[in-house]
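*Asks:*
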Amino acid sequence: MSASGERKVSASLGRSVRGTTPRLADLASTPETPRTPTLGRSVSSLFGSPGGSFRTEDEYVVIEVGSRYLRGGFPGESTPRCTLPYDPENQRRVGDYRQWDPDYAQKRRRPKKGQEWGQEYELYRMDLTKVDLRVVEDKFERMMREVYNKYFVLDTKPRRILLALPPKMPHPLMSTLLDVLFGSFQAPSITLMSSPILSTVAAGLRSALVVDIGWAETLVTAVYEFREVHEQRTVRAGRLLSEEMAKVLNAAQVEQLGYVEDDDTSFEEAEEVLSRVAWCKPKPRSNRRTLYFPARTSPILEEFEDAVETPEPTVTIPFPKASPPAEVTIPFATLAKPAEAALFATETALSEFDDHELPLHHLIYRALLSLPVDVRRVCMSRIVITGGVSAMPGLKSRILAELEALVQTKGWDPVRNYGTASARHEQILRQKMEALELRKQEGEDKVPESLDPDNPLPAAHRPQDVWHHEAGVEREKTRAGPPPESLVGGVVRGVETLGPWAGASLVAQQRIRGIVEIDRERYLQHGLQGASKDKEVSVVPQRQSMGPGVRGGAGDRASWTLGVWA
Amino acid sequence: MAQAFPYTYYACNCFDSNTSGKRAAAVLQEAADEDEGTFDPRSPRANYQLYPLEHLLYCEDCQQIRCPRCQIEETLNWYCPSCLFEVPSSVVKSDGNRCNRSCFSCPLCTSPMQTFSLDPTGESGPPFILECQYCRWSTVEIGIEFEKGQGISAQLARIGNGGKPLPSHKERDKERERRKELEARKRDGRELFSPSTETTHTDKDEGPPSHDDLFASLSAFYKSQVESQTSASPFSSHDINFSSPSAYSRIMNLYSTSGPKKKQRPKPTAMREAASALEGLTLHDPSADTAAIERLKRDGWASTISPAQKRAQPNPSVRFTSDLRPLATLLCTKRSKRCRSCRQILTKPEAKITSTRYKIKLLALNHIPRLSIRALASDTPVPGSSRPPAKVFDYNALKPGIPTHFLFHMSNPLFDPIKVTLATPSTTPGKVQSRVTILCPQFDVGANTDIWDDALNMPAKRGSLLSDQAPQIEAGKIWDRGRNWTSVAVEIVPGFLDESARVEAETPGRGGPLEEDDDVLEIPVFVRIEYEADTGADERGLVDSKGGKGEKEKREEAFWTVVGVGRIKGS
Ligand SMILES: [Zn+2]
Ligand SMILES: [Zn+2]
Ligand SMILES: [Zn+2]
Ligand SMILES: [Zn+2]
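Chains as they are written, first to last, in my numbering: chain E, 911 to 1476; chain C, 184 to 754.
If you want it as structure tokens, here you go:
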């Protein structure tokens, strides 16, 4: 992004920040700038669902459709009722019971020819050139039937669906999923919410940098006031990790058991080892320049690097499906290698990566770098790491440490030329002037210190009496300012999330309606084509005269939008 | 093993006429584009289209096979498959769709668990434990014992692993409020005067908040935000209907109904993010990572649980065996099934849990002729000869390149005679190409007439009507025929497994190295039946089989089947 572009965005976002409530209207009605320029698509909430009368008796089910797992459950519950993998064994013909056959279960599953690692275990992939959507529909339909008939077992009352999807899912794929949910499961309406937003909700935040380390890719999404403002992705994620683990396991088996033709580590085995005993090393000492998490770091964190343990710790992994069944003892340190190679690629120089294969910490850094300065301040202190891979012990700490180091060495100058002192001074000066100009633009509007780049971490120095004059819980409701903890910015900080499904459950529990709500009848008539074409409303001047949120007459209630998926 | 050879699968037509109308045209077009329109049993879709006949229902109104996909299911009642206790629908959801008595399955191996008394006096008194009948895992391993042998579910809900009590939702909420107040006082500098100082100790003992704690805190936080929002603008309270979407959505900023009107309202207080652990905010703590790594290093593979075990857990983010919880048994349901297109009831079980009977059950096998295949062993004993009877035909070792004769056997459940036309591709799809010739693809099958008719008109045994002639393998002639069945001969030349490589060279993508089930010989057979049924008469043809009383109506049905002949032997 060009410098001028950044300024403009920063200004438009900044304005909204400086009011009391950042409202959609502030963002959507800025005529000179598209509201979410970095994302290239806007989420026009103004023209969201027609908002038919909200009835409290409406009941929801909450479904998250990932590329490897399907989660389904009910609003207000902390965990889904079921988490189902797209296992090829579930995709056999009815009446095919071979998975229960002991002989069959003893053997390693071999991958199908021409398929990528783990492809049989996917429901979909974003690249539709390799996807037969009719098979996706078949798989999804069968799985949803299991969800409804085995785990939901509802009465016949129709349930609305809150559907959590990754942002930017291709339309044909979305149609396929919606066809099934509307067609086979009779949903009266489906509310779509994007998983980064939901991860943000499930972290208790409104803005965050959501790092979703999923199966096919890692998606970094900057969420600002519940809106996606930027996203970046890399292929460094679950699939690569799983392939790396298979390599490690193959090597160990060949070394200890000898080579057996056609008896490589299966996908399931690699996945199981990953999920059970894989881990991620803390940041290598050689690259450390400062102490990270000075207050919280426990001394053990560095032990793996520093102390050579004798005897070397090992893990013994059983391979009951190998022929013959065997056990392999692997050094504990080896189990950290896949993460190293797949996610951080520490051996390779940064210049050798394409944009879509950046190591995680560089991806996150770049995402932050391309954000307007005030949004960056907020997001960098709200780094929310989620996705299936993120559960690996040590991974979150490592990512945050690597990021911290990058920020320390590179700062936020996109040109990266301030090895010299003068450049650094220039940077400080530029930030100051930026801030001053923002303030000028705001006129009388008071600038909350927290969001002022000149005045970081105000918590300790804020005048306390503003909101401490009244004690008790009641005070919460009436005080003017937010507590200082919610204003932290400018430092690298990780915040935990309960994940997209839990976020969706919270949203549905509070009965908050989403931006994208699709009515069954309308969908069955027109499909996704029925979505309003006016989604880029923020750049259409004529809307201004009508005021935000107002659209034509009552007849227009019918329109709906695809929001971030438009 | 998939199914024992030989077998027949039936394809439901609903895959051609897709559920949602707008896509049907596209699907039909695609079907037409496919070469010859032959059903490929190896296509990935086939697994979802093919069913054994016994699994299919039949809609009499639509005159169509109905597979699970073109049915709608309705739950009639809920029960625990283990204790057979019927669960009222009102508590099904709140109990998580699981048995709320004492039925559990093992978190390691999913076998049923039993309640045992550990009473040292042998009096079957407390303490009680749950133990797996198969792998012997028990709640002792997670430090849980029960005081009573009944109502395990309710007791377990109050005990955390290691035996510490779990708070109920209400207690959790209360405790959170208490701590919030305490925190607020602390911030106000009143801490010193507060009499309740004992809490700081218990806080530390409890460790990091659990997933459920966090969720409850977040939930309470968002709720309080919603409430503070409404109370903060008392002057416009008439504007904000508490249950209206605008209140909530504006608060969350996820969906805006803001209009010009809004400008006149007092500005509501800003929503904010969670600011403390009590509000559900959890900062990343590297020491948790470190502890998990240490534990992996120390306790190794055996201390961890498998992905499948994880997914079955109430909280699927657990990692170690010490986190396991016994799994309450999932409830089962009795369901009725309706036709998706006309809503006619297809099956309805009796309501009683212990009954396995149905009030209504429209099975496809009562409406659709059954096609089966069996080998016509070449050494059929000639009557009167002294040769030993044929040895059992080995369907798992078909001989490649050797023409082998089989019989297609078609039996008719209908009360009208049917005209059958069978069609197969001359070579089977797939990497191994076998040649198939049906010697007599068009034939009639007699009606499923009353057994008394059979007894009166036919020879006493339920057998061949052609008994006076020796069966012939001859093009255009049926092999044999009975009251409501006809069989025709098929000649099959199983393909060579090792030919696959040559095929690959000719048609890239078709051959190549063999994979699972590539050696299975399956023949797609298109079946078309025509018959005349009485109009107005009972669909089931309970009318006099001679018919002629009502007017006749021509009917036709057509569907794909897949006949699994056997497995080809490698050479
Ligand atoms: Zn069907
Ligand atoms: Zn029970
Ligand atoms: Zn067990
Ligand atoms: Zn019907």
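Every residue gets a Cβ at the ideal spot worked out from N, C-alpha and C, and that includes glycine.
Say whether chain C places a C-beta atom closer than 9 Å to the C-beta of P1223 of chain E.
*Replies:* True, the Cβ-Cβ gap to chain C drops below 9 Å.
*Asks:* Consider the Cβ of G1400 of chain E: report whether some Cβ of chain C lies at a distance smaller than 9 Å.
*Replies:* Answer no: the Cβ-Cβ gap between G1400 of chain E and chain C never drops below 9 Å.
*Asks:* Please say whether G749 of chain C and V703 of chain C have beta carbons closer to each other than 9 Å?
*Replies:* Yes, the pair counts as a contact, with Cβ atoms nearer than the cut-off.
*Asks:* Beta-carbon separation of F1092 of chain E and L1434 of chain E under 9 Å?
*Replies:* In this structure, L1434 of chain E lies closer than 9 Å to F1092 of chain E by Cβ.
*Asks:* List the residues that DSSP assigns as beta-bridge partners of A1118 of chain E.
*Replies:* In the DSSP output, where bridge partners are listed per residue, A1118 of chain E has E:V1133.
*Asks:* Any chance the CB of R284 of chain C is under 8 Å from a heavy atom of ligand 2?
*Replies:* Yes, since a heavy atom of ligand 2 falls inside the 8 Å radius drawn around the Cβ of R284 of chain C.
*Asks:* Would D1042 of chain E pass as an interface residue toward chain C - the criterion being a Cβ-Cβ separation below 9 Å?
*Replies:* With 9 Å as the cut-off, D1042 of chain E counts as an interface residue toward chain C.
*Asks:* Nearest-angstrom Cα distance between K517 of chain C and N1059 of chain E?
*Replies:* For K517 of chain C and N1059 of chain E, the distance between alpha carbons rounds to 10 Å.
*Asks:* Where does S292 of chain C land, buried or exposed, given buried means 16+ other C-beta within 10 angstroms?
*Replies:* A small fix is needed here, since residue 292 of chain C is Cys in this sequence, not Ser. So C292 of chain C counts as exposed.
*Asks:* Considering Cα atoms alone, identify which of C:S307, C:E366, C:S273, C:G279 is closest to P1393 of chain E.
*Replies:* The shortest C-alpha separation from P1393 of chain E is found at C:E366.
*Asks:* Taking 6 Å as the limit, tell me which residues put their C-beta closer than that to any heavy atom of ligand 4, in chain order.
*Replies:* Answer in sequence order: C:C242, C:D244, C:C245, C:C522, C:S524, C:C525, C:Q527.
*Asks:* Under 6 Å from any heavy atom of ligand 1, by CB: list those residues in chain order, please.
*Replies:* Here the list is C:C195, C:C197, C:R249, C:C250, C:R252, C:C253.
*Asks:* Per DSSP, which one or two residues make a beta bridge with N260 of chain C?
*Replies:* DSSP output for N260 of chain C lists C:K517 as bridge partner(s).
*Asks:* Which chain E residues are close to G463 of chain C, counting only those with a beta carbon under 7 Å from its beta carbon?
*Replies:* The contacting residues are G1114.
*Asks:* Run through chain E and tell me which residues come within less than 8 Å of D698 of chain C, C-beta to C-beta.
*Replies:* Asp is not the amino acid found at residue 698 of chain C; the sequence shown has Glu there. Ordered by position in chain E, the residues that pass the 8 Å Cβ test against E698 of chain C are R1020, K1022, K1023.
*Asks:* In terms of residues, what are the limits of the beta strand (DSSP E) holding V619 of chain C?
*Replies:* Start and end: 618-621.
*Asks:* Tell me whether the beta-carbon of C623 of chain C lies closer than 9 Å to the beta-carbon of C242 of chain C.
*Replies:* Result no, Cβ atoms of C623 of chain C and C242 of chain C do not sit closer than 9 Å.
*Asks:* For D1048 of chain E, go through chain C and note every residue whose CB falls closer than 9 Å to its CB, in chain order.
*Replies:* Chain C residues near D1048 of chain E: F198, P227, R228, N230, Y231, Q232, R252.
*Asks:* Below 8 Å on the Cβ atoms is my guess for E1032 of chain E versus S977 of chain E; work out the distance and round it to an integer in Å.
*Replies:* Rounded, the Cβ-Cβ distance is 5 Å, consistent with contact.
*Asks:* What alpha helix (DSSP H) runs, 4 residues minimum, are completely inside the segment 1079-1127 of chain E?
*Replies:* Those alpha helix (DSSP H) runs which fall completely within the segment 1079-1127 of chain E and span 4+ residues are 1081-1093, 1105-1111.
*Asks:* Nearest by alpha-carbon distance to N171 of chain C: which of C:N549, C:T620, C:D395 is it?
*Replies:* With chain C represented from 184 up to 754, any question about residue 171 of chain C goes unanswered, as that position is not in the structure.
*Asks:* Under 9 Å between C-beta atoms, does N280 of chain C make it to chain E?
*Replies:* Closer than 9 Å: yes.
*Asks:* How do the segment 389-404 of chain C and the segment 460-468 of chain C stand: do at least 3 beta-carbon pairs fall below 8 Å, yes or no?
*Replies:* In short, these stretches touch, since the Cβ pair count reaches three.
*Asks:* Kindly list, in the order they appear in chain E, the residues whose Cβ is closer than 7 Å to that of I476 of chain C.
*Replies:* Neighbours of I476 of chain C on chain E, chain order: W1189, P1303, G1304.
*Asks:* DSSP three-state label for P490 of chain C, please.
*Replies:* Three-state result, P490 of chain C: helix.
*Asks:* Please work out which residues of its chain come closer than 6 Å, Cβ to Cβ, to F1229 of chain E, disregarding the five sequence neighbours upstream and downstream, and give them in chain order.
*Replies:* A1236.
*Asks:* Would A1412 of chain E and L1108 of chain E qualify as a contact pair, given that the criterion is a beta-carbon distance under 9 Å?
*Replies:* Cβ atoms of A1412 of chain E and L1108 of chain E: closer than 9 Å.
*Asks:* Contact between the segment 504-515 of chain C and the segment 263-271 of chain C: three or more CB pairs below 8 Å?
*Replies:* The segment 504-515 of chain C is in contact with the segment 263-271 of chain C.
*Asks:* Using a Cβ-Cβ distance under 9 Å, would P1393 of chain E count as near chain C?
*Replies:* So, interface residue.
*Asks:* Check whether the Cβ of F268 of chain C lies closer than 8 Å to any heavy atom of ligand 2, and answer yes or no.
*Replies:* Yes, the Cβ of F268 of chain C comes within 8 Å of a heavy atom of ligand 2.
*Asks:* For ligand 3, I want to know if S294 of chain C counts as a neighbour, meaning its beta carbon is within less than 8 Å of at least one of the ligand's heavy atoms.
*Replies:* Yes; taking the cut-off as 8 Å, the Cβ of S294 of chain C has a heavy atom of ligand 3 nearer than that.
*Asks:* Give the DSSP-derived three-state secondary structure of A337 of chain C in the structure shown.
*Replies:* Three-state DSSP puts A337 of chain C in a helix.
*Asks:* Look at the alpha carbon of L1472 of chain E and the alpha carbon of R540 of chain C, and state the distance between them as a whole number of angstroms.
*Replies:* If you take the alpha carbons of L1472 of chain E and R540 of chain C, they lie about 48 Å apart.
*Asks:* Leaving aside the five residues before and after R355 of chain C along the sequence, list all residues of the same chain whose C-beta is less than 6 Å from its C-beta, in chain order.
*Replies:* Result list for R355 of chain C: A399, in chain order.
*Asks:* How about I551 of chain C and T530 of chain C: do their beta carbons lie closer than 9 Å?
*Replies:* No. Outside cutoff.
*Asks:* Please report the straight-line C-alpha distance between I751 of chain C and R711 of chain C, rounded to a whole angstrom.
*Replies:* For I751 of chain C and R711 of chain C, the distance between alpha carbons rounds to 29 Å.
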